[in-house]
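Reviewing the structure listed below.
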Amino acid sequence: MEPIEQFQINIDAARKYLDMYRELRRLKSLGARGALDANNKYLLWLPRASIVSSMSSLDAYVHQVLYRYIPQFLKHADSIPDRLSEMVVRVAPIKNASHVGGAIQYMRSPTGTDRLADAIRENVLGFQAYQAPDKVVEAYRVIGVPDVIQEVADRWRGPNTERNHIASRLERYSKRRNQIAHEGDLDNNHEPREISPDFGATCADFIENVVTRMDQIEINPNQ
0 MEPIEQFQIN IDAARKYLDM YRELRRLKSL GARGALDANN KYLLWLPRAS
50 IVSSMSSLDA YVHQVLYRYI PQFLKHADSI PDRLSEMVVR VAPIKNASHV
100 GGAIQYMRSP TGTDRLADAI RENVLGFQAY QAPDKVVEAY RVIGVPDVIQ
150 EVADRWRGPN TERNHIASRL ERYSKRRNQI AHEGDLDNNH EPREISPDFG
200 ATCADFIENV VTRMDQIEIN PNQ
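Residue 0 is where the sequence shown starts when you use numbering that gives the first Met the number 0, and the numbers rise one by one after that.
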């Protein structure tokens with residue numbers, strides 16, 4: 000399955016939480032919109048779950064792209080991107096990035112690059128989360144894309160689609176995801192932060208727009 004196909008399945012699943020929220024409001028005769036009383040505020044965990052799931056959809060997409068292209072760069076690229084060289088140093092018995100060139104013939108043995116790519120996947124990528132804008136940019140530098148957020152901005156027409164605006168929104172959604180997942184979405188007074196289903200919906204739409212444009216970027220390990 001292509002990374003974008005798996006992403007679409009994942010982002011559609013994120014929206015299911017919002018569908019459940021709306022359906023439960025209907026079944027409980029709470030109306031389509033409006034504030035919830037204290038006995039029903041637990042329903043707002045569904046929009047929160049949607050945000051976490053949307054951000055995980057982005058993370059999974061970036062990982063899948065790296066899993067696909069890192070082996071190709073190791074096998075075929077005349078010049079390995081610096082960030083990928085640094086990952087090689089972390090998993091291979093090489094002291095610094097400048098030694099990668101001298102060891103490339105060994106790496107390009109019939110199984111050498113596959114073993115190296117597997118080691119990077121298991122020992123480096125498996126411990127990374129690609130949701131915040133700086134992390135996403137660093138991920139794409141591994142496969143030779145200097146600034147993926149700028150690439151997205153270049154493909155996105157309309158208001159509020161400049162690089163800094165896209166990065167700021169992604170940072171905001173990433174931060175909220177972490178507050179939900181790691182802090183129970185409580186503020187400094189240990190009260191639940193305000194949330195709305197619209198925030199969950201705009202998060203899913205934004206992530207889908209970003210990833211759709213990321214998927215249009217041409218990545219060529221043979222250059």
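The beta carbon of each residue, even a glycine, is placed where N, CA and C say it ideally should be.
Bridge partner(s) assigned by DSSP for residue i
i: P196; result: None, per the DSSP bridge assignment.
Helix, strand or coil at residue i according to DSSP, with G and I counted as helix
i: P220; result: coil
i: L65; result: helix
i: L29; result: coil
i: P191; result: strand
i: L185; result: strand
i: R154; result: coil
i: G143; result: coil
i: Q178; result: helix
i: N38; result: coil
i: T112; result: helix
i: E207; result: helix
Chain-order list of residues whose beta-carbon lies under 6 Å from that of residue i (same chain, five-residue window excluded)
i: A166; result: P132 and I148
i: H189; result: none
i: V90; result: A118, I119 and N122
Exposure of residue i, with buried meaning 16 or more beta-carbon neighbours within 10 Å
i: G183; result: exposed
i: M0; result: exposed
i: T112; result: buried
i: N9; result: buried
i: Y41; result: exposed
Contact check, residue i vs residue j, beta carbons under 8 Å
i: L57; j: Q130; result: yes
i: I206; j: S53; result: yes
i: R82; j: R32; result: no
i: R14; j: I179; result: no
i: R154; j: Q215; result: yes
i: L65; j: L124; result: yes
i: G30; j: P80; result: no
i: E43; j: L17; result: A small correction: the amino acid at residue 43 is Leu; Glu does not occupy that position in the sequence shown. Cβ atoms of L43 and L17: not closer than 8 Å.
Other residues of its chain near residue i: CB distance less than 7 Å, five sequence neighbours each side excluded
i: Q71; result: P220
i: R175; result: I50
i: V61; result: Y129, V135 and A138
Cut-off 8 Å between Cβ atoms - residues of its own chain near residue i, not counting five sequence neighbours on either side
i: T211; result: I3
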